[in-house]
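Undergrad: For the sequence shown, position 300 matches number 300 in the UniProt record's numbering, and the numbering has no gaps at all. For every residue, glycine included, the Cβ atom is placed at its ideal position computed from N, Cα and C. Here the structure is a predicted model, which means the values were calculated and not measured. Supplied in structure tokens, the structure appears directly below.
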Amino acid sequence: MSRVSNKKRNQQAKQNVAPTALHWRYLLVICVIMLVFVGLSARAVYIQVIDPDLLIQQGDNRTLRTQNMPVHRGLITDRNGQNLAVSVPVRAIWADPKTIVENGSLNDKRRWQALADVLGQDYDKLVSRVKNPKKRFVYIQRQVSPAMADYVDQLSINGVYLRDESRRYYPTGEVSAQLIGFTNVDDQGIEGIEKLYNQWLKGSPGSRKIRRDAKGRQVEILEQEAGEEPRDIQLTIDQRIQAFAYKELKKAVQYYKATSASAVVVDVQTGEILAMVNNPSYNPNNRSGVSGHRIRNRAITDAFEPGSSIKPIAVLSALEFGSVEMDSVIDTSPGWMRVGGSMVRDSRNYGELDLTGIIRKSSNMGTSKLALSVPKQFLIDQYYNMGLMSDTGSNLIGESSGIFHDRSRWSEFELSTLSFGYGLSVTTAQLARMYSTLGSGGIKRPLSIIKSEQKAPEERVLSEDIAHEVLTMMESVVNEGGSGTKARVPGYRVAGKTGTSRKAVAGGYGEEYVSIFAGVAPVSDPQLAVVVLINEPRGDLYYAGDTAAPVFSKIMSNSLQMLNVPPDDKTVSSLAAIRGDSNAG
Numbered sequence: 001m002s003r004v005s006n007k008k009r010n011q012q013a014k015q016n017v018a019p020t021a022l023h024w025r026y027l028l029v030i031c032v033i034m035l036v037f038v039g040l041s042a043r044a045v046y047i048q049v050i051d052p053d054l055l056i057q058q059g060d061n062r063t064l065r066t067q068n069m070p071v072h073r074g075l076i077t078d079r080n081g082q083n084l085a086v087s088v089p090v091r092a093i094w095a096d097p098k099t100i101v102e103n104g105s106l107n108d109k110r111r112w113q114a115l116a117d118v119l120g121q122d123y124d125k126l127v128s129r130v131k132n133p134k135k136r137f138v139y140i141q142r143q144v145s146p147a148m149a150d151y152v153d154q155l156s157i158n159g160v161y162l163r164d165e166s167r168r169y170y171p172t173g174e175v176s177a178q179l180i181g182f183t184n185v186d187d188q189g190i191e192g193i194e195k196l197y198n199q200w201l202k203g204s205p206g207s208r209k210i211r212r213d214a215k216g217r218q219v220e221i222l223e224q225e226a227g228e229e230p231r232d233i234q235l236t237i238d239q240r241i242q243a244f245a246y247k248e249l250k251k252a253v254q255y256y257k258a259t260s261a262s263a264v265v266v267d268v269q270t271g272e273i274l275a276m277v278n279n280p281s282y283n284p285n286n287r288s289g290v291s292g293h294r295i296r297n298r299a300i301t302d303a304f305e306p307g308s309s310i311k312p313i314a315v316l317s318a319l320e321f322g323s324v325e326m327d328s329v330i331d332t333s334p335g336w337m338r339v340g341g342s343m344v345r346d347s348r349n350y351g352e353l354d355l356t357g358i359i360r361k362s363s364n365m366g367t368s369k370l371a372l373s374v375p376k377q378f379l380i381d382q383y384y385n386m387g388l389m390s391d392t393g394s395n396l397i398g399e400s401s402g403i404f405h406d407r408s409r410w411s412e413f414e415l416s417t418l419s420f421g422y423g424l425s426v427t428t429a430q431l432a433r434m435y436s437t438l439g440s441g442g443i444k445r446p447l448s449i450i451k452s453e454q455k456a457p458e459e460r461v462l463s464e465d466i467a468h469e470v471l472t473m474m475e476s477v478v479n480e481g482g483s484g485t486k487a488r489v490p491g492y493r494v495a496g497k498t499g500t501s502r503k504a505v506a507g508g509y510g511e512e513y514v515s516i517f518a519g520v521a522p523v524s525d526p527q528l529a530v531v532v533l534i535n536e537p538r539g540d541l542y543y544a545g546d547t548a549a550p551v552f553s554k555i556m557s558n559s560l561q562m563l564n565v566p567p568d569d570k571t572v573s574s575l576a577a578i579r580g581d582s583n584a585g
């Protein structure tokens with residue numbers, strides 16, 4: 001009986017102990033679980049409330065994107081709205097080397113060979129650029145045509161993509177190349193007007209911050225910032241005159257076997273540049289192999305000794321100062337004189353010459369005596385007043401102010417040589433400004449290249465009567481007995497001056513020439529000033545009357561007719577006669 005009781009008591013004891021052990025383990029598990037949840041909660045509170053920036057940044061890196069809104073560069077047009085520079089849509093081909101390597105795209109050699117062939121690239125070099133998996137972006141080729149881009153798209157090479165961009169196109173080609181300039185592959189202006197007004201033309205792109213989902217789809221626009229719209233630029237250039245002037249200049253360079261040539265056409269009444277051309281030029285749409293000397297705008301960068309083309313300044317100075325009268329006569333006999341130990345001479349003895357005769361015969365003796373008849377500073381000031389010792393006001397990049405060594409002491413010989421265009425250097429544009437000032441009746445205006453409604457600042461530097469009288473004197477240059485008869489324009493009265501100067505070399509002057517004809521028309525109501533420069537003509541013809549004067553005649557005639565300027569030459573009775581004479585010439 002006792003054994004049975006003991007057995008029951010042992011079983012009861014075991015039953016009493018078992019629940020106690022189960023309860024302790026259960027509590028341990030519950031505690032551990034609670035600690036884990038507390039730790040997770042604490043971590044969640046920390047990263048979401050106390051320091052949420054890192055988590056937000058990681059989330060934003062996966063979902064937020066900033067898109068730049070593309071803008072196309074502004075137009076450049078002439079005064080009549082003809083396009084001189086436009087932006088056309090093109091595509092860029094780029095690659096993600098990491099995607100290419102991970103997807104084994106390079107194994108399909110046939111597609112890569114087709115890509116290399118259409119782009120004109122070497123297959124091995126192309127593959128070597130895109131096989132580094134550490135890179136994520138590589139340009140394969142920029143600014144490809146839409147047709148080529150479509151072909152590349154159809155190749156369906158995994159890791160090769162297209163993106164939109166624009167390319168600058170110049171409809172007028174080489175005609176306005178040095179003036180307009182060009183942009184680089186990133187659409188940044190690096191020459192000419194394109195560079196000068198780069199910020200104006202390109203504007204600034206807008207931006208938009210968006211959120212994407214896991215599949216890359218746009219789900220929300222968070223922010224949007226408007227950019228600055230690119231602005232168009234209208235030049236003062238008349239492309240009709242520009243094209244004709246370039247054609248005539250190119251023909252002259254070829255015919256006279258010249259090194260180069262420049263021409264500038266200016267509206268006398270406003271100072272606006274209607275044409276500025278140079279030859280040789282280049283094609284801005286395809287600049288491969290173009291040398292630097294073709295790119296520069298010679299009309300504003302290259303300075304030269306103007307020779308006889310500035311002899312009217314000596315006459316103007318003497319008249320303004322009052323050392324001579326309109327009917328004064330200057331004795332140039334015996335055709336030479338010694339000034340300060342050096343010789344000044346004419347090509348022959350012209351004897352006594354009135355002021356008109358000095359200009360018509362281009363007498364060095366005459367202009368020297370006139371220059372020496374006025375105070376030194378008064379003479380020098382006239383060169384400044386006519387705009388020859390400063391830039392023209394056009395603000396074009398690379399413009400030269402010429403070369404003039406002002407000094408406290410001038411010898412009489414230096415003043416003499418200055419009167420017939422030696423001892424200083426000027427640009428074609430500066431000379432055009434001088435003749436524009438003369439044609440406007442003595443009012444100097446800055447030359448302008450950007451069309452504006454604002455009136456240009458004006459400064460009177462000559463009396464109107466004297467300016468008109470000197471223009472009338474210069475009309476004799478193109479009449480019988482003058483040095484520029486080939487500069488005549490049928491139906492119009494023309495005032496102008498030839499200038500043939502030797503180019504300076506080390507130790508003196510060489511055998512190369514610069515030929516210039518500068519003039520104004522019509523004399524009764526001046527509208528245009530035209531300057532033509534032929535640099536280093538080779539052959540039998542090198543005097544300005546034979547080289548630059550005929551080109552001047554054609555450019556001036558065409559420009560006047562394009563602008564519908566009425567004829568003022570009473571000796572021509574009708575336009576039919578004008579055209580007949582022009583065709584006969």
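(1) Would you kindly work out how many angstroms separate the C-alpha atoms of L119 and M434, rounded to a whole number?
(2) Roughly how many whole angstroms lie between the Cα atoms of T498 and E512?
(3) Taking a contact to mean a Cβ-Cβ separation below 8 Å, would you say V38 touches A95 in this structure?
(4) Spatial neighbours of M276 within its chain, please: CB distance less than 6 Å, with the 5 preceding and 5 following residues excluded, ordered by chain position.
(5) Given a cut-off of 8 Å, decide if Y170 and L106 are closer than it, judged by their beta-carbon atoms.
(6) How far does the beta strand (DSSP E) with residue 592 in it extend, from its first residue to its last?
(7) If you pair each beta-carbon of the segment 384-391 with each one of the segment 429-449, do three or more pairs fall below 8 Å?
(8) By how many angstroms is the C-alpha of D164 removed from the C-alpha of Y384?
(9) Measuring only the C-alpha atoms, how far is N184 from H72?
(10) Counting only the same chain and skipping the five closest in sequence on each side, list residues whose C-beta sits under 7 Å from that of K554.
(11) Could you name the residues of the same chain whose beta carbon sits closer than 8 Å to that of T77, not counting the 5 residues immediately before and after it, in chain order?
(12) In whole angstroms, what separates the C-alpha of A371 from that of D568?
(13) Between the segment 339-346 and the segment 288-305, are three or more C-beta pairs nearer than 8 Å?
(14) Using 8 Å as the limit for Cβ to Cβ distance, is I313 near chain C?
(15) Note down the Cα distance separating A495 from G482, rounded to an integer number of angstroms.
(16) Mind listing, in chain order, the continuous alpha helix (DSSP H) runs of no fewer than 4 residues lying wholly within the segment 333-406?
(17) Ignore the nearest five residues each way along the sequence and tell me which others in residue 617's own chain have a CB closer than 7 Å to its CB.
(18) Reducing DSSP to helix, strand and coil, say where V565 ends up.
(19) Going along the chain, which residues of its own chain have a beta-carbon closer than 7 Å to the beta-carbon of S582, five neighbours each way excluded?
(20) Taking the alpha helix (DSSP H) that S87 falls in, what are its first and last residues?
(21) Could you give the C-beta distance for R294 and P284, rounded to a whole number, given that I count them as a contact under 8 Å?
(22) Check the C-beta distance from G189 over to S309 and give it rounded, since I have them as a contact under 8 Å.
(23) In angstroms, rounded to a whole number, what distance separates the CA positions of V531 and T547?
TA: Reading off the structure:
(1) 52 Å
(2) 17 Å
(3) no
(4) L179, V264 and A299
(5) no
(6) In this structure the chain extends from 1 to 585, so residue 592 is not present and cannot be described.
(7) yes
(8) 52 Å
(9) 14 Å
(10) E248
(11) N83, L84, D232, I233, Q234 and L235
(12) 33 Å
(13) no
(14) In the structure shown, chain C cannot be found, because there is only a single protein chain.
(15) 11 Å
(16) 355-361, 364-372 and 376-385
(17) Since the displayed the chain opens at 1 and closes at 585, residue 617 lies outside it and no answer follows.
(18) coil
(19) In this prediction, S582 has a pLDDT of 43, which is less than 50 and means its spatial position is unreliable; what the coordinates show is noted afterwards. These residues qualify, in order along the chain: P490 and S557.
(20) From DSSP, S87 is part of no alpha helix (DSSP H) but of the beta strand (DSSP E) over N83 to A95.
(21) About 11 Å; that fails the 8 Å criterion.
(22) 34 Å between Cβ atoms; not a contact.
(23) 13 Å
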